[in-house]
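Protein chains in written order, with UniProt numbering: chain A, 1 to 293; chain B, 1 to 267. Built from N, CA and C at the ideal position, the CB exists for glycine as well. Just so you know, these numbers come straight off a predicted model, no measurement behind them.
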């Protein structure tokens, strides 16, 4: 059964922002990554799915129902927005209890558990919290009713690396319990760690959908090499190399494919320095998906 | 029910303040009532020198001004002014605060229909107005009892005070109606002050004009003038109907627009 079904969804507002003919589906129990640069239409897609924005055409449904016509379907939904804002003069516990009061179950135990894991002080006022701590409130708020579908819109911003790890662990645990997760991000590596399947969106259109296992064979690396002597471009004619820049003894390129191939090639060179990093999404889009898609 | 209670809790402070303002206003004017009655003739002569248009605008009737109901009818226009500002404020802010405080992403993804949210918030606002008016009326009775020189018609006194609620309902609904057309209403008070005071002034001017009967329909402040209530011991039915129709219509449009509205992200 598909938990999320989006068919030919289109929404335009403003000049260039919006989404065009977005279709995707997420199966039960899956962690689905939704990845694209900022302003590519991720949030618009999610907000339409949640019933916050009305589509111009097309349909978006969770558990087979539209959130507009069947708001009660959101009993099964947990949502964490990219930026979290709550009633400033409430205490954390009061806010969480208010949130829990919308769901037909007793959430008090789960609130305590989650707060303990996330190291969140329940007695503080919302207005006294730092951004990172507000984000934690958001996480607890999104998960306290043990939803069957968790929608995360750029959830990791503002969380320190340790908390990110704890958060990812929480998400994996929810998946083990059978939850479906829809995870939007502009950081490829964090999606790679977590997701089963991923869709790429750019300028409001889905470029492609891939299984993570396929994508993982193709790791993307930005490689910079400093050599001891000048070199010729012919050496770097390996398949999967793009954006090749050679300037005196400096060589820079992006590599997609089996990393062993490129290390074998580099091993034969006389190096002064070597850095291997993550290319950002823009670069990947620019040099692979634009051409292929 | 949970939204209703949550809203009530957040309205507590404002209800308290507005109630105190209304009581303070009435107390201030009632405190000089005994001395006015003491010098009744002088006061009547003074008021007679006002041009008739000004007297009409202020709702002063020379024959009744010195009875409790007549005197209260005059100061009541200031009370309604305050009360309607409260109501308009409430109407403008009760739905729009979710966008202003950027909590719409919290509330509107909960498993409740948008119309239930409007209902809960409207009921919470109505409760706040009722509490304000009831407490005000209770204290007012004590105050009047204290300053009165002779007996007065309690029924008419109640009828006059009841119109505060009618006017508040109108401006509460109006505020709600205006607020749903804004994506993000940044500041509420200037808008409500401007609308209410502007309309109040227009109403006062209209009351003194020649065509005062036809234009009266456009000024809620002239729907239920105390002088008329004292005269007829009741309201004019078609203004009650008009009030009801406006409130129902404004609410219906608010429900419709709010349900169809796109809630955009905060950034």
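Selection 170(B), 102(B), 101(B) evaluated against residue 239(B) yields 170(B) as nearest (Cα-Cα). Straight-line measurement puts the Cα of residue 252(A) at about 52 Å from the Cα of residue 71(A).
Using a Cβ-Cβ cut-off of 7 Å, residue 72(A) counts as an interface residue toward chain B, since at least one Cβ of chain B sits closer than that to its own.
Residue environment for residue 53(B): exposed (fewer than 16 other C-beta atoms within 10 angstroms of its C-beta). About 11 Å separates the beta carbon of residue 179(A) from that of residue 152(A), a gap too long to meet the 8 Å contact definition.
Counting the other Cβ atoms within 10 Å of the Cβ of residue 38(B) gives fewer than 16, which makes it exposed. Annotation for residue 9(B): no beta strand (DSSP E) segment contains it, though the alpha helix (DSSP H) segment containing it runs 2-31. DSSP places residue 222(B) in the helix class (H, G or I) of the three-state scheme. Not a single CB atom of chain A sits nearer than 7 Å to the CB of residue 67(B). For secondary structure counted as the alpha helix (DSSP H) over 4 or more consecutive residues, the stretch 136-182 of chain B holds these complete runs in sequence order: 154-179. When C-beta atoms of the stretch 58-69 of chain B are compared with those of the stretch 141-161 of chain B, three or more pairs fall below 8 Å, so the two segments count as touching.
Listed by position along chain B, the residues whose Cβ is nearer than 7 Å to that of residue 220(A) form an empty set, because the closest Cβ is around 28 Å away.
For residue 60(A), the secondary structure class from DSSP, reduced to helix, strand or coil, is strand. In this structure residue 214(B) is exposed. Its beta-carbon is surrounded by fewer than 16 other beta-carbon atoms within 10 angstroms.
Taken atom to atom, the span from the alpha-carbon of residue 73(A) to that of residue 87(A) is near 24 Å. If you draw a 10 Å sphere on the C-beta of residue 114(B), you find 16 or more other C-beta atoms in it, and that means buried.
With a cutoff of 7 Å on beta-carbon distance, residue 44(A) and residue 7(A) are scored as not near each other. Judged by pairs of C-beta atoms under 8 Å, the stretch 98-105 of chain B touches the stretch 181-190 of chain B, as three or more such pairs exist. A direct Cα-Cα distance of roughly 10 Å separates residue 54(A) from residue 259(B). Proximity of chain A to residue 263(B) at the Cβ level (cut-off 8 Å) is accounted for by 47, 52, 53, in chain order. Apart from the 5 residues on each side of it in sequence, residue 36(B) sits with its Cβ closer than 8 Å to the Cβ of 43, 66, 71 in its chain, given in chain order. In this chain, the beta strand (DSSP E) harbouring residue 224(A) covers 219-227. If you ignore the 5 residues before and after residue 76(A), its C-beta comes within less than 7 Å of the C-beta of 63, 147, 148, 149, all in its own chain and listed in chain order. Closer than 7 Å to the CB of residue 113(B) there is at least one CB belonging to chain A. Residue state for residue 5(A) is assigned as strand, using DSSP reduced to three classes. At least one beta carbon of chain B lies nearer than 7 Å to the beta carbon of residue 81(A). When the beta-carbon positions are compared, residue 35(A) and residue 185(A) come within less than 7 Å of each other. In the DSSP annotation of this structure, residue 216(B) is not part of any beta strand (DSSP E), being labelled neither H nor E.
Nearest Cα to residue 101(A) within the set 133(B), 110(B), 138(B): 110(B).
For residue 113(B), the secondary structure class from DSSP, reduced to helix, strand or coil, is coil. The CB of residue 2(B) comes closer than 9 Å to the CB of 98, 101, 102 in chain A, given here in chain order. In the structure shown, residue 255(B) adopts helical secondary structure according to DSSP, grouped into three states. Within the stretch 127-155 of chain A, contact with chain B at the beta-carbon level (separation under 7 Å) is assigned to no residue.
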